[in-house]
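Asker: Mind looking over this structure? Questions follow.
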Amino acid sequence: MGSRQHLRDIKSGHPLAYEDDIRASKREYAKALDSEDPLRHFRDEFIIPSKKDLKRTKLTVEESENDTSADPTCIYFCGNSLGVQPRSTKRYIEQYLRAWATKGVTGHFVPHDDQLLPPFVDVDSAGSKLMAPVVGALQSEVAVMGTLTANLHFLMASFYLRHHKFNPEEAMVLIEPEDLDRPILSTEQILKVIDDNASSTALVLLSAIQFYTGQYFDMERITKHAHSHGILVGWDCAHAAGNVDLQLHDWDVDFAAWCSYKYINSGPGGMAAIFVHERHGRVDEKQPDSDQTFRPRLSGWWGFDKFVPQPGAAGFQLSNPSVLDITAVASSLEIFNRATMKEIRQKSIKMTGYLEHLLLNYPLDAPPEEKPFSLITPSNPAERGAQLSLRLQPGLLDRVLHHLEENGVVIDERKPDVVRVAPAPLYNTYAEIWDFCQIFLQACREAVKALQMEATALTPTVSVDIESNLNDDVGNHSEAVGDVDYSIFPLSQRRFIVFMASWAGFFSPVSSQNYFPALNTLAKDLHVSNSLINLTLTSYMGLSPMFIGDFADKAGRRPAYVVCFVIYIAANIGLALQNDYAALFVLRCMQSAGSSTTIALSSGVVADVASAAERGSYMGFVTAGSLLGPSVGPVIGGLLSQFLGWRAIFWFLVIFAGAFLVPFLVLFPETARGIAWNMSLVNYLDTRKARKQGVSVPEPPPRQKLSFPNPFPTLAIVFQKDTSIILFCNAVLFAGFYDVSATIPSIYHDLYGLDDLQVGLCYIPFGLGASVASILNGKLLDFNYRRVAKRMGFPVVKNRFVDLRGFPIERSRLEIAFPALTIGSLSILAFGWCLNFGVHLAAPTTILFVMGLALTASFNTVSTLLVDLYPTQAAKATAANNVVRCLLGAGATAVVDFMLNAMGRGWCFTFISLVMLCTAPLLLIVVHRGPNWREERRRKEDAKELQNAPTVQVVHENQTEKAS
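Just so we're aligned: 786 in our numbering is position 759 of the sequence shown, and the numbers increase by one with no gaps anywhere.
In structure tokens:
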């Protein structure tokens, strides 16, 4: 299909389709469109700045004003801000100046025979006559006067303030976009707002074309709809006049105002104009003493003896017109009248369609979802004018603008990330559109590349002496956007890694959950109270991750896992053999040194292999194992305790852990970033074989020197502003969860007469809810991350470093936590009153499922947020989480029996529920203040790293240099 056929196929209301002709992406195609353009000769009637002109620092008279071939012209796509100068403007103004010089005051009334415009006193009429066809109005309905803002106030004074005596600040209804990702207003949305407010609305005032997005509203339909409710309608046509084919009179618009320095090319600050429909401009001159002879308005000079305005829009003028300004307007309007707005609009639709095609279909290096810009202007030609607004990805705007400026392209921007491109049909060409797209897309490529290089510079690529003050937080800015994969592991291996980490995390909850059904038996055999037995549930979990987390970051995940499982197996052997409460308590603490730390290590593994964009799902999968414990742990414990005795529980854990450790050692690779031995045994053998075959294998950095694990970095996380609130709130939720879990054995035994096995079976619904939540919540977290990122124009890139500075990760995550927190808290309240009234076992059992679903979603959300806040210290952050929540959980389970005895079941769990609900306002503080606190912490860390910069030795042949 040729270019001529394309021009015939363009119809208003349908996006243009150039993709069926591969030639559309060639410059020859653009040249063919120019050769067929009926308006092409009008370009010669404008002075387009040359590239040389744009870089001048002194104002000089140049021959290029008369010689179009003197210097290459720039690509001027900024008519939406300021149009270029018509060549006739200089001639018009010089003639006006000569008339003023030779006639003086008589120039108001006496013309020259060769004068282009009438005498000064009638020049506004000439301007109105030329302006009327541009906006589709009668000459009497148009007045060329004032400035846009002042004119809008004048008209508002007439049509609104004086008409209904309302205060705009109190009575104005604003219409906002429903979706910030595409900040446009549908006609249906506007009509609905009019309907909803019809009884109290006096005036609708809208922009005909929205300055930011370039959206062109359905003026005729909106005006007609508002009139059906008896509402006046005014339009701000600043971006529409000279851009689209307006028909203000036929559309029955009440009034409108616009400037002329944009598409009408009248020059900076040029004279504006107004439209007042003829029915509002009528003046009854037969009854001059009546207040009803004309519409109320500001009383200006442009009237008669006793102020009676002249009929039409001219009667709204406040003083005699600026002849100089109107002369500049008239010089351009004369061109518009020769071209006609119909022809201008037709070409504009074709040009924006061609521009859109090149921008959205030109082959970029990135896939479509990762393009450096997106179009926020409607694709329907009927819903836009000459302007296309492009939203760039964060951090690109200044770089792109600099590249465009260096290559002689003039457009404008709206910070922080939008550029507005507006080819003008009268003086721009299709070839310029093609050239612009090449320059713009190259600018985007170079801007993205520069941003990636900056991100790479933030990630250390040299080895340093680990004994310096730089600790394990190497690469603290590894989330910056980069072109390097976040993880070197392929997707299948990352999934396997998370699967193994998930199973490793299973040992922590199963060690406590299979212990629940035996609580009554243990208390009886060891001759201690339920409160003391409850104390062994969580106090053991808190402290060991503080040490193991630091060890894992220095030595690696694999060695940490091995140490944990060795300690865990030894502790379980001791627990199976002990006979008194003191031994039970101490050995449970030892057991925790192995089992509870696997949760922190699992979070660290996720941070190693998953970027922020996909971290929610990975966290969901990795916690699925730990949340499987509440489902199967009590059943296993109930079976073993019921038929083999409580000691069998610990022998089972010995066997299970040993059976898991062997394949783990063989198959699980090292994932810790910056650790030298990045291998499992299988990976090591594969890599060794590859080296022997001469295949290049990336060399890992040297291993860090080991030292005694330091718990203080973990404690430092606890006392940060944002994390202290997050950890406390999560600890409160965890304490409520453990209060329920710890009291089930004794309450169910007393209330329903259940044995150990039956009690264990009652934990299954909670575990099932938790397992479902671990998967669904991860998907929700990723979905909400993408939603917030898309709304902000933030890059969503899987397996890439993404700098989260400026991104509200707290809001993205916690928006999921709030409903889950509320449901979980209310489920505990309902659970308590079910037990208080002794209802059928089915009721509290069902509530346990809901409780597991909601509370697990809350726990997972907080865990994911902590990993987001500390991606290079995920093990420490999770360890800090364990410290706070387990210590608070220990205290809560120690006193819950006393609370039950003093308050009763219903009020006890009501109190717990209310305390949990009180965490929501605290988390709101994190949503609003968290990004600032996070940035403050980053700056402090950067300053500390700069101060403690290590010494790096660079060897050049026989010479060694030292640099800091």
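Every residue gets a Cβ at the ideal spot worked out from N, C-alpha and C, and that includes glycine.
Which residues mark the beginning and the end of the beta strand (DSSP E) in which Ala-409 is found?
Answerer: In the sequence shown, residue 409 corresponds to position 382, counting from 1. Segment: none, Ala-409 is in no beta strand (DSSP E) and carries neither H nor E.
Asker: Could you please give me the residues that DSSP links to Ala-300 through a beta bridge?
Answerer: Position 273 of the sequence shown, counting from 1, holds the residue named residue 300. Paired residue(s): Val-171, Trp-285.
Asker: Determine the DSSP secondary structure at Gln-469, reduced to helix, strand or coil.
Answerer: Taking the sequence shown and counting its residues from 1, one reaches residue 469 at position 442. Three-state DSSP puts Gln-469 in a helix.
Asker: If the criterion is Cβ atoms closer than 8 Å, does the pair Leu-417 and Val-436 meet it?
Answerer: For the purposes of this step, residue 417 is taken as residue 390 along the sequence shown, with counting starting at 1. For the purposes of this step, residue 436 is taken as residue 409 along the sequence shown, with counting starting at 1. No, these two residues do not count as a Cβ contact at 8 Å.
Asker: Whose CA, out of Ala-844, Ser-890, Val-923, Ala-919, lies closest to the CA of Ala-907?
Answerer: Along the sequence shown, read from residue 1 onward, the residue named residue 907 stands at position 880. Minimum Cα distance to Ala-907 is reached at Ser-890.
Asker: Between the alpha carbons of Thr-488 and Val-589, how many angstroms are there, rounded?
Answerer: Here residue 488 refers to the residue found at position 461 when the sequence shown is read from its first residue. Here residue 589 refers to the residue found at position 562 when the sequence shown is read from its first residue. Residue placement at Thr-488 cannot be trusted, given a pLDDT of 37 that sits under 50; what the coordinates show is reported in the next sentence. Approximately 29 Å, taken between the alpha carbons.
Asker: Write down the C-beta distance between Pro-146 and Gly-131 rounded to the nearest angstrom, noting that I regard them as a contact closer than 8 Å.
Answerer: Here the question's residue 146 lines up with position 119 in the sequence shown. Here the question's residue 131 lines up with position 104 in the sequence shown. At roughly 12 Å, the Cβ-Cβ gap does not stay under 8 Å, so Pro-146 and Gly-131 are not in contact.
Asker: Considering just the uninterrupted stretch of the beta strand (DSSP E) at Arg-840, what are its terminal residues?
Answerer: Walking along the sequence shown from the start, residue 840 turns up at place 813. Careful: Arg-840 lies outside any beta strand (DSSP E), inside the alpha helix (DSSP H) at 836 to 863.
Asker: Return the residue from the list Leu-688, Ile-102, Asn-887 that minimises the CA-CA distance to Leu-803.
Answerer: Working through the sequence shown from its first residue, we reach residue 803 at position 776. It is Asn-887 whose Cα lies nearest to the Cα of Leu-803.
Asker: Looking at Ile-211 and Gly-412, is the spacing between their C-beta atoms short of 8 Å?
Answerer: Against the sequence shown, residue 412 aligns to sequence position 385. Against the sequence shown, residue 211 aligns to sequence position 184. No.
Asker: When the Cα atoms are used, what is the spatial distance from Ala-870 to Glu-383?
Answerer: Taking the sequence shown and counting its residues from 1, the one referred to as residue 870 is at position 843. Taking the sequence shown and counting its residues from 1, the one referred to as residue 383 is at position 356. Those two C-alpha atoms are separated by around 60 Å.
Asker: Output the distance between the C-alpha atoms of Gln-274 and Ser-52, rounded to the nearest integer angstrom.
Answerer: Against the sequence shown, residue 274 aligns to sequence position 247. Against the sequence shown, residue 52 aligns to sequence position 25. Computed Cα separation, rounded: 35 Å.
Asker: Using the Cα positions of Gly-308 and Leu-259, report the straight-line distance between them to the nearest angstrom.
Answerer: Along the sequence shown, one-based indexing puts residue 308 at 281. Along the sequence shown, one-based indexing puts residue 259 at 232. Going by the C-alpha atoms only, they are around 14 Å apart.
Asker: Count the other CB atoms within 10 Å of the CB of Asn-292; is the residue buried (16 or more) or exposed (fewer)?
Answerer: For the purposes of this step, residue 292 is identified with residue 265 of the sequence shown, where counting begins at 1. The residue is buried, with at least 16 neighbouring Cβ atoms inside 10 Å.
Asker: Among residues of its own chain, excluding the 5 on either side of Arg-372, which ones have a beta-carbon nearer than 7 Å to its beta-carbon?
Answerer: Translated into positions along the sequence shown, residue 372 becomes position 345. Contacts found: Val-271, Asp-272.
Asker: Tell me the DSSP secondary structure of Ser-629 in three-state form.
Answerer: Numbered from 1 along the sequence shown, position 602 holds the residue referred to as residue 629. The answer is helix: DSSP assigns Ser-629 an H, G or I state.
Asker: Among Ser-152, Leu-949, Tyr-56, Ala-921, which has the Cα closest to the Cα of Leu-559?
Answerer: Here residue 559 refers to the residue found at position 532 when the sequence shown is read from its first residue. The candidate whose alpha carbon is nearest that of Leu-559 is Ala-921.
Asker: If you run the structure through DSSP and keep just helix, strand and coil, what is Glu-440?
Answerer: For the purposes of this step, residue 440 is taken as residue 413 along the sequence shown, with counting starting at 1. It is a strand residue.
Asker: Since Ile-72 contacts Ile-362 with CB under 8 Å, what's their CB separation in whole angstroms?
Answerer: On the sequence shown, position 45 is the one that residue 72 refers to. On the sequence shown, position 335 is the one that residue 362 refers to. Contrary to the premise, residue 72 reads as Glu rather than Ile in this sequence. Sure, about 6 Å apart at Cβ, within 8 Å.
Asker: Measuring only the C-alpha atoms, how far is Ser-629 from Gln-414?
Answerer: Taking the sequence shown and counting its residues from 1, one reaches residue 629 at position 602. Taking the sequence shown and counting its residues from 1, one reaches residue 414 at position 387. Going from the Cα of Ser-629 to the Cα of Gln-414 covers about 51 Å.
Asker: May I have the straight-line CA-CA distance separating Gly-294 from Val-111, to the nearest angstrom?
Answerer: Taking the sequence shown and counting its residues from 1, one reaches residue 294 at position 267. Taking the sequence shown and counting its residues from 1, one reaches residue 111 at position 84. Gly-294 and Val-111: Cα-Cα distance of roughly 7 Å.
Asker: Does the region 593 to 609 come into contact with the region 516 to 529, if we say contact requires no fewer than three beta-carbon pairs (one atom in each stretch) closer than 8 Å?
Answerer: Too few Cβ pairs lie closer than 8 Å, so no.
Asker: Is Leu-781 near Tyr-790, with beta carbons less than 8 Å apart?
Answerer: Here the question's residue 781 lines up with position 754 in the sequence shown. Here the question's residue 790 lines up with position 763 in the sequence shown. No, Cβ-Cβ distance for Leu-781 and Tyr-790 is not below 8 Å.
Asker: To which residues of the same chain is Trp-127 closer than 7 Å at the C-beta, ignoring the five residues directly before and after it?
Answerer: Counting from 1 along the sequence shown, the entry for residue 127 is found at position 100. Gly-134, listed in sequence order.
Asker: By DSSP, does Val-161 sit in helix, in strand, or in coil?
Answerer: Residue numbering aside, residue 161 sits at position 134 when the sequence shown is read from its first letter. Reduced to three states, the DSSP call for Val-161 is helix.
Asker: Is Gly-154 helix, strand or coil by DSSP?
Answerer: As a position in the sequence shown, residue 154 is number 127, starting the count at 1. In the structure shown, Gly-154 sits in a helix (DSSP, three-state: H, G or I).
Asker: For Ser-854, is the classification buried or exposed, using 16 other Cβ atoms within 10 angstroms of its Cβ as the cut-off for buried?
Answerer: Counting from one through the sequence shown, the residue named residue 854 turns up at place 827. So Ser-854 counts as buried.
Asker: Could you tell me how far apart the beta carbons of Ala-800 and Gly-916 are, in whole angstroms, since I believe they sit closer than 8 Å?
Answerer: In the sequence shown, the residue the question calls residue 800 occupies position 773. In the sequence shown, the residue the question calls residue 916 occupies position 889. 19 Å between Cβ atoms; not a contact.
Asker: So within the region 735 to 768, which uninterrupted alpha helix (DSSP H) runs reach at least 4 residues, ignoring any that extend past its ends?
Answerer: DSSP runs (the alpha helix (DSSP H)) wholly in the region 735 to 768: 739 to 745.
Asker: Just how far apart, CA to CA, sit Pro-160 and Ile-202?
Answerer: Along the sequence shown, one-based indexing puts residue 160 at 133. Along the sequence shown, one-based indexing puts residue 202 at 175. Taking the straight line from one Cα to the other gives about 31 Å.
Asker: Roughly how many whole angstroms lie between the Cα atoms of Leu-733 and Gly-583?
Answerer: Here residue 733 corresponds to residue number 706 of the sequence shown, with the count starting at 1. Here residue 583 corresponds to residue number 556 of the sequence shown, with the count starting at 1. With a pLDDT of only 45 at Leu-733, under the threshold of 50, the placement of this residue in the model should not be trusted, and no figure is reported.
Asker: Residues in its own chain within less than 7 Å of Val-356 by CB, not counting five upstream and five downstream?
Answerer: Taking the sequence shown and counting its residues from 1, the one referred to as residue 356 is at position 329. Gly-154, Val-171, Ser-287, Ile-291, Ser-293, Gly-297, Met-298.
Asker: If contact is defined by three or more beta carbon pairs under 8 Å, each pair taking one atom from either stretch, is the region 926 to 936 in contact with the region 839 to 848?
Answerer: No, the region 839 to 848 does not touch the region 926 to 936.
Asker: Thinking C-alpha only, which one of Ala-947, Met-926, Arg-209 is nearest Ile-403?
Answerer: As a first step, residue 403 must be located in the sequence shown, where it is residue number 376. Comparing Cα-Cα distances from Ile-403 to each of Ala-947, Met-926, Arg-209, the minimum goes to Arg-209.
Asker: So, using beta-carbon positions, are Val-525 and Tyr-239 closer together than 8 Å?
Answerer: Residue mapping note: residue 525 aligns to position 498 of the sequence shown, counting from 1. Residue mapping note: residue 239 aligns to position 212 of the sequence shown, counting from 1. Going by C-beta atoms, Val-525 is not nearer than 8 Å to Tyr-239.
Asker: Would you report the Cα separation of Ile-249 and Met-158, rounded to the nearest angstrom?
Answerer: Taking the sequence shown and counting its residues from 1, one reaches residue 249 at position 222. Taking the sequence shown and counting its residues from 1, one reaches residue 158 at position 131. Going from the Cα of Ile-249 to the Cα of Met-158 covers about 24 Å.
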